[in-house]
Amino acid sequence: MSTTTFMPVTDGGKADLLNHLSTALPPYANLLNISGDDLNILNADSSSFRYTLQSANDMQAYSQNWTAYKNQLRDGTSGSAIWPMPPAVAQPIPSAVSPGVIPRLSALVALIKANKNFTDAIGKDLWLIGATQIIDPSTWKPILSIQNQAGHPIICWTKGHAAAIEIWVDRGDGNSFIHLAINTEPNTTDKCPIPVTGNSQVWKYKAIYLLHDEQVGQWSDVISVSVGG
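By numbering that gives the first Met the number 0, the letter at position 218 of the sequence shown is numbered 217, and the numbering carries on one by one without gaps.
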């Protein structure tokens with residue numbers, strides 16, 4: 000059994016926490032000796048980080064549209080020839096803040112939790128106490144995805160609480176799945192020579208987590224990728 004950290008893993012989760020604290024903390028400000036300056040900084044950080052995150056997502060989508068357009072322009076025989084339209088700049092634009100939004104948030108949370116009036120009930124209301132969870136390795140199942148680097152597949156995975164991951168590959172040569180690698184840190188590049196041009200193959204991958212040098216949980220779903228060609 001373990002207690003998860005209060006700090007979300009994803010940027011979206013961090014933005015949600017900042018936003019929640021900016022609205023939920025003021026009623027406790029006097030009780031916890033939180034100054035008006037602290038609240039103003041929290042509000043500014045929340046607005047700036049949320050806006051930055053949304054703008055970054057918009058630009059990433061815009062970049063993906065350009066990549067798709069470039070591929071269509073290069074290889075396509077039909078479809079739209081209209082330039083991708085840039086996203087509109089959201090208004091209003093919040094004031095810029097200095098770098099270190101999350102370190103400032105962590106420092107503020109440490110100050111809150113150190114106050115003699117802080118209770119578990121307040122912590123839960125402010126989303127500052129992580130949930131208690133039971134770690135059950137029998138339920139672990141890797142989720143794989145594939146990227147490409149210079150023609151070689153990169154098997155992407157997350158580690159979680161596992162010690163390592165064991166990856167197997169089927170190269171479509173009649174040998175079914177064979178052992179590829181055991182890695183303790185993501186991600187895993189398949190460095191096997193790729194097929195020569197004009198001889199594409201479909202390679203398949205599956206994986207299972209390891210704990211104390213033993214396989215645990217369930218095998219991942221099989222994913223496949225075309226290589227060579």
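Just so it is clear, CB atoms sit at the ideal spot from N, CA and C, and this is done for glycine as well.
The beta strand (DSSP E) that contains residue i, what's its start and end?
i: Lys203; result: Gln200 to Leu210
i: Leu179; result: Ile177 to Asn182
i: Trp167; result: Ala163 to Asp169
i: Ile193; result: Element bounds for Ile193: n/a, residue is neither H nor E.
i: Asn147; result: Ser144 to Gln148
i: Pro152; result: His151 to Cys155
i: Ser137; result: Where Ser137 is concerned, there is no enclosing beta strand (DSSP E), given that its DSSP letter is neither H nor E.
i: Ile222; result: Ile222 to Val226
i: Gln217; result: Unbroken run through Gln217: none, as it is neither H nor E.
What separation, rounded to the nearest whole angstrom, lies between the Cα atoms of residue i and residue j?
i: Glu184; j: Ala163; result: 7 Å
i: Cys155; j: Arg73; result: 28 Å
i: Met0; j: Asp212; result: Low local confidence applies: a pLDDT of 47 at Met0 is under 50, so the model's placement there is unreliable, with the coordinate-based value given in what follows. C-alpha separation (whole angstroms): 21 Å.
i: Ile177; j: Val201; result: 15 Å
i: Gly173; j: Thr157; result: 30 Å
i: Val224; j: Arg170; result: 10 Å
i: Leu20; j: Val226; result: 48 Å
i: Ser137; j: Gly159; result: 13 Å
i: Tyr68; j: Asp189; result: 29 Å
i: Ala87; j: Gln214; result: 50 Å
i: Ser62; j: Pro26; result: 42 Å
i: Ile142; j: Asp220; result: 7 Å
i: Pro93; j: Tyr204; result: 46 Å
i: Asp135; j: Thr9; result: 23 Å
i: Ile128; j: Asn39; result: 23 Å
i: Ser46; j: Cys191; result: 47 Å
i: Asp139; j: Pro152; result: Checking the sequence shown, residue 139 turns out to be Trp, not Asp. In a straight line, the C-alpha of Trp139 is about 24 Å away from that of Pro152.
i: Met58; j: Val100; result: 21 Å
i: Ile181; j: Ser144; result: 17 Å
i: Ala60; j: Thr196; result: 32 Å
i: Tyr50; j: Gly75; result: 36 Å
i: Asn198; j: Ala55; result: 39 Å
The ligand FAD heavy atoms versus the CB of residue i: any closer than 8 Å?
i: Thr4; result: Here there are no bound small molecules, and the ligand FAD is not part of this structure.
Measure how close the beta-carbons of residue i and residue j come, nearest whole angstrom, since I'm counting them as under 8 Å.
i: Trp126; j: Phe5; result: 7 Å
i: Ile222; j: Gly216; result: Not quite, the Cβ-Cβ distance comes to about 17 Å (not below 8 Å), so this is no contact.
i: Gly11; j: Leu52; result: 7 Å
i: Pro83; j: Asn64; result: 4 Å
i: Asp36; j: Val96; result: Actually they are not in contact, since the Cβ atoms of Asp36 and Val96 sit about 13 Å apart, beyond 8 Å.
i: Ile166; j: Leu179; result: 5 Å
i: Ala161; j: Leu110; result: About 35 Å; that fails the 8 Å criterion.
For the alpha helix (DSSP H) holding residue i, just list the boundary residues, first then last.
i: Asp15; result: Asp10 to Ala23
Only counting runs of 4 or more residues, tell me where the alpha helix (DSSP H) segments fall wholly within the region 48-126, in order along the chain. 100-113 and 119-124
Between the region 92-108 and the region 8-19, do at least 3 Cβ pairs fall closer than 8 Å? yes
Would you call the region 111-123 and the region 21-40 touching, i.e. three or more CB-CB distances under 8 Å? yes
Counting Cβ pairs closer than 8 Å, one from the region 108-117 and one from the region 145-153, do we hit at least three? no
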